[in-house]
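Data block below; observations after.
Number of protein chains: 2
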Amino acid sequence: MNSKNKVKDPKDKIIQEITAEGIDFFVRFMQMMGMPRSIGEIYGLLYFSEEPLSMENVTQSLGMSVGSASQGLKSLRNMKAIRTSYKIGERKDYFIAESEFRHLFSTFIRDEIVPHLESAKDRTEKMSELSDKLPSENKEFLKQRIGKLNRLQKAATKVLPTLSTLLRF
Amino acid sequence: MNSKNKVKDPKDKIIQEITAEGIDFFVRFMQMMGMPRSIGEIYGLLYFSEEPLSMENVTQSLGMSVGSASQGLKSLRNMKAIRTSYKIGERKDYFIAESEFRHLFSTFIRDEIVPHLESAKDRTEKMSELSDKLPSENKEFLKQRIGKLNRLQKAATKVLPTLSTLLRF
DNA sequence: CAATCATTTCAAATAAAAATGAAACTTTAG
DNA sequence: CTAAAGTTTCATTTTTATTTGAAATGATTG
Chain A
1 MNSKNKVKDP KDKIIQEITA EGIDFFVRFM QMMGMPRSIG EIYGLLYFSE EPLSMENVTQ
61 SLGMSVGSAS QGLKSLRNMK AIRTSYKIGE RKDYFIAESE FRHLFSTFIR DEIVPHLESA
121 KDRTEKMSEL SDKLPSENKE FLKQRIGKLN RLQKAATKVL PTLSTLLRF
Chain B
1 MNSKNKVKDP KDKIIQEITA EGIDFFVRFM QMMGMPRSIG EIYGLLYFSE EPLSMENVTQ
61 SLGMSVGSAS QGLKSLRNMK AIRTSYKIGE RKDYFIAESE FRHLFSTFIR DEIVPHLESA
121 KDRTEKMSEL SDKLPSENKE FLKQRIGKLN RLQKAATKVL PTLSTLLRF
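For the record, the sequence lines run as chains A and B.
So in our numbering, spot 73 of the first sequence is number 73, and the numbers just go up one at a time.
So in our numbering, spot 5 of the second sequence is number 5, and the numbers just go up one at a time.
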């Protein structure tokens, strides 16, 4: 249905194309960090929108259920990747993407990496204790392997702050 | 075959405990890199075994199906995280863990990270081209956002080799 | 306060990922 | 060559993650 009265501005088409590419970018990016595609979609949409968008805007633009949109916006707010923007005389909440990615990273590191490293630390300590109880003939091999795990865990812990800094925008 | 010895040696119990902790360590570790738990289990078992193990050893020790074991061993061989060890007069293949983790990392980076970064590069380039076609009033905001993506992608590309080096054991 | 609009919650549906195991295939031994 | 051992493949099942949408909850307005 091509209504001739409803003039399609070619510039809107380009903006739409850019947004589509950008959403794709973030969907992949977020999936790399183990996040559901819906979150990448929402963030991508907001990232390329100059205007704050409501939840309704999100569900309509992305063809997404209200449940997903609500959950996704909540997650993004928790990780400080978006923030709300109040419009006077409007009942709805409006959302803006926080364009600094460090929020995304630091939440990811805090929630996904740090707990792993901590449990890894406990684990290698427990293994060390256990290996001390072994007769020396068996100790050699296991101690060496446990030592390697320990060094890996230590190095990873040390690398993290550096990494966060390097990716700080 | 040492399976004939059914006497419970307390030292075997400790070795088993260490192995169990270690397997857990690798299951989490591999899951952090988006790999199935079966692969972490197999690698963990081999990492703490002084003797090379056969596929049968793996399925029995871990209570895992032959299909999973075969697939898992294949993946681990592909990423050079384990290697085969031929025993004369034995038909089975025997496997040894490669204890240097750099194999795991570099495969992960090559297969999971690099392709993403490459597609990110293509994507940002395409977005830049598109944004050049826009009238200047709209350009400002979008160009700035695209520029940020571009810098993120560039920084990530630059950080990768450093990261690999820091985690080289 | 009741009517309306907006948002959240969560049980159920759907989709995606991983594991299973039997059949097919490959290799070696006799 | 044939039989047995070892391994791989892959259709099916199981498990896990994500999405949906209707009902419950909350918030605002006249």
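Beta carbons are placed, not taken as given, at the ideal position from N, Cα and C, and that holds for glycine.
All values derive from a computational prediction rather than experimental measurement.
Checklist entry - Roughly how far, in whole angstroms, is the beta-carbon of B/F48 from the beta-carbon of A/L142, given that I think they are within contact range, below 8 Å? => result As a position in the second sequence, residue 48 of chain B is number 48, starting the count at 1. As a position in the first sequence, residue 142 of chain A is number 142, starting the count at 1. B/F48 to A/L142, Cβ: 7 Å. Contact.
Next on the checklist: Whole angstroms are fine: how far does the CA of A/L163 sit from the CA of B/R170?
Outcome noted: An answer regarding residue 170 of chain B cannot be provided, because it is not within the stretch 1 to 169 covered by chain B.
Next on the checklist: With distance defined between alpha-carbon atoms, name the residue in B/Q153, B/T157, B/P161 nearest to A/G22.
Outcome noted: Indexing the first sequence from 1 puts residue 22 of chain A at position 22. For the residues B/Q153, B/T157, B/P161, the minimum Cα distance to A/G22 belongs to B/Q153.
Checklist entry - For A/L53, which of A/M79, A/D24, A/S75, A/R83 has the nearest alpha-carbon? => result Here residue 53 of chain A corresponds to residue number 53 of the first sequence, with the count starting at 1. Nearest option by C-alpha distance: A/R83.
Next on the checklist: I want to see whether chain A comes within less than 8 Å of B/L142, judged by CB atoms only; does it?
Outcome noted: Numbered from 1 along the second sequence, position 142 holds the residue referred to as residue 142 of chain B. Interface residue, yes.
Item to check | Contacting residues, own chain, Cβ-Cβ under 8 Å from A/T19 (five flanking each side not counted) | outcome: For the purposes of this step, residue 19 of chain A is taken as the residue at position 19 of the first sequence. Excluding sequence neighbours, A/T19 sits near G44, L45, F48, S49.
Checklist entry - Can we say the stretch 23-32 of chain A touches the stretch 106-124 of chain B, given the rule of at least three CB pairs closer than 8 Å? => result yes
Item to check | Close Cβ partners of A/S99 (< 6 Å) along its chain, the five nearest in sequence each way excluded | outcome: Against the first sequence, residue 99 of chain A aligns to sequence position 99. There are no such residues.
Item to check | Helix, strand or coil at B/S119 [DSSP, three-state] | outcome: Locating residue 119 of chain B in the second sequence gives position 119, counting from the first residue. B/S119: helix per DSSP, three-state reduction.
Item to check | Straight-line gap, A/L73 to A/I39 (C-alpha atoms, nearest Å) | outcome: On the first sequence, residue 73 of chain A is found 73 positions in, with the first residue counted as 1. On the first sequence, residue 39 of chain A is found 39 positions in, with the first residue counted as 1. Cα-Cα distance, rounded: 8 Å.
Checklist entry - Which two residues bound the contiguous beta strand (DSSP E) that contains A/R83? => result If you number the first sequence from 1, residue 83 of chain A lands on position 83. Unbroken beta strand (DSSP E) run through A/R83: 82-85.
Item to check | Simplified DSSP assignment, three categories, for A/S99 | outcome: The count along the first sequence starts at 1 and reaches residue 99 of chain A at position 99. Note: A/S99 maps to coil in three-state DSSP.
Item to check | Straight-line Cα distance separating A/Q71 from A/S65 | outcome: As a working note, residue 65 of chain A is residue 65 in the first sequence. As a working note, residue 71 of chain A is residue 71 in the first sequence. Their backbone Cα atoms lie some 10 Å apart in a straight line.
Item to check | Residues in the stretch 125-136 of chain A having any Cβ partner in chain B nearer than 7 Å | outcome: K126, M127, L130, S131, K133, L134, P135
Checklist entry - Going by Cα to Cα distance, which pick from A/D9, A/K8, A/P10, A/I15 is closest to B/K139? => result Residue numbering aside, residue 139 of chain B sits at position 139 when the second sequence is read from its first letter. It is A/I15 whose Cα lies nearest to the Cα of B/K139.
Item to check | Paired residues, beta bridge with B/S131 - DSSP | outcome: As a first step, residue 131 of chain B must be located in the second sequence, where it is residue number 131. In DSSP, B/S131 forms no bridge with anything.
Checklist entry - Among B/H103, B/I109, B/A81, which one has its Cα closest to the Cα of B/A97? => result Counting from one through the second sequence, the residue named residue 97 of chain B turns up at place 97. Nearest C-alpha to B/A97: B/A81.
Next on the checklist: I'd like the list of long-range same chain contacts for A/Q60, defined as Cβ closer than 8 Å, with 5 residues on each side in sequence excluded.
Outcome noted: Counted from its first residue, the first sequence places residue 60 of chain A at position 60. Around A/Q60: no qualifying Cβ.
Checklist entry - Expressed to the nearest angstrom, what Euclidean distance is found between the alpha-carbon atoms of B/I113 and A/P135? => result Taking the second sequence and counting its residues from 1, the one referred to as residue 113 of chain B is at position 113. Taking the first sequence and counting its residues from 1, the one referred to as residue 135 of chain A is at position 135. Each residue's Cα considered, the two are about 43 Å apart.
Item to check | Neighbouring residues, chain A, relative to B/K159 (Cβ below 8 Å) | outcome: As a first step, residue 159 of chain B is located in the second sequence; it is residue number 159 there, counting from the start. Checking the sequence shown, residue 159 of chain B turns out to be Val, not Lys. The answer, in chain order, is L163, L166, L167.
Next on the checklist: I'd like to know if B/L28 contacts chain A, where contact means its C-beta is closer than 8 Å to some C-beta of that chain.
Outcome noted: As a first step, residue 28 of chain B must be located in the second sequence, where it is residue number 28. Just to set this straight, residue 28 of chain B is Arg in the shown sequence, not Leu. Answer yes: the Cβ-Cβ gap between B/R28 and chain A drops below 8 Å somewhere.
Item to check | Residues bridged to B/Y94 [DSSP beta-bridge criterion] | outcome: For the purposes of this step, residue 94 of chain B is taken as residue 94 along the second sequence, with counting starting at 1. According to DSSP, which records beta bridges pairwise, B/Y94 is partnered with B/S54.
Item to check | Alpha carbon of A/T107 to alpha carbon of B/E90, nearest angstrom | outcome: Position 107 of the first sequence, counting from 1, holds the residue named residue 107 of chain A. Position 90 of the second sequence, counting from 1, holds the residue named residue 90 of chain B. Cα to Cα, the separation comes out at about 51 Å.
Item to check | C-beta contact flag for B/R145 and A/F169 at 8 Å | outcome: To locate residue 145 of chain B, count along the second sequence from 1; it is residue 145. To locate residue 169 of chain A, count along the first sequence from 1; it is residue 169. No; because the gap between Cβ atoms is not below 8 Å, this pair is not in contact.
Checklist entry - Between which two residues does the alpha helix (DSSP H) carrying B/I39 extend? => result Counting from one through the second sequence, the residue named residue 39 of chain B turns up at place 39. Residues 37-47.
Next on the checklist: Against chain A, does B/H116 count as a neighbour if the rule is that its beta carbon must be under 8 Å from one of theirs?
Outcome noted: Start at 1 with the first residue of the second sequence, and residue 116 of chain B comes out as number 116. Interface residue, yes.
Next on the checklist: So the candidates are A/M127, A/M79, A/E41; which of them puts its Cα closest to the Cα of A/F101?
Outcome noted: Along the first sequence, one-based indexing puts residue 101 of chain A at 101. The shortest Cα separation from A/F101 among A/M127, A/M79, A/E41 belongs to A/M79.
Checklist entry - Under the rule that 16 or more other beta-carbon atoms within 10 Å means buried, what is B/L149, buried or exposed? => result Working through the second sequence from its first residue, we reach residue 149 of chain B at position 149. Buried is the call here.
Item to check | Unbroken alpha helix (DSSP H) run spanning B/R145, endpoints | outcome: Along the second sequence, read from residue 1 onward, the residue named residue 145 of chain B stands at position 145. B/R145 -> alpha helix (DSSP H) spans 136-166.
Checklist entry - Which residue comes first and which comes last in the alpha helix (DSSP H) that contains B/S176? => result The structure shown has nothing for residue 176 of chain B, since chain B only spans 1 to 169.
Checklist entry - Exposed or buried, A/L104, counting other C-beta atoms within 10 Å across all chains shown (16 or more means buried)? => result Here residue 104 of chain A refers to the residue found at position 104 of the first sequence. Result: buried.
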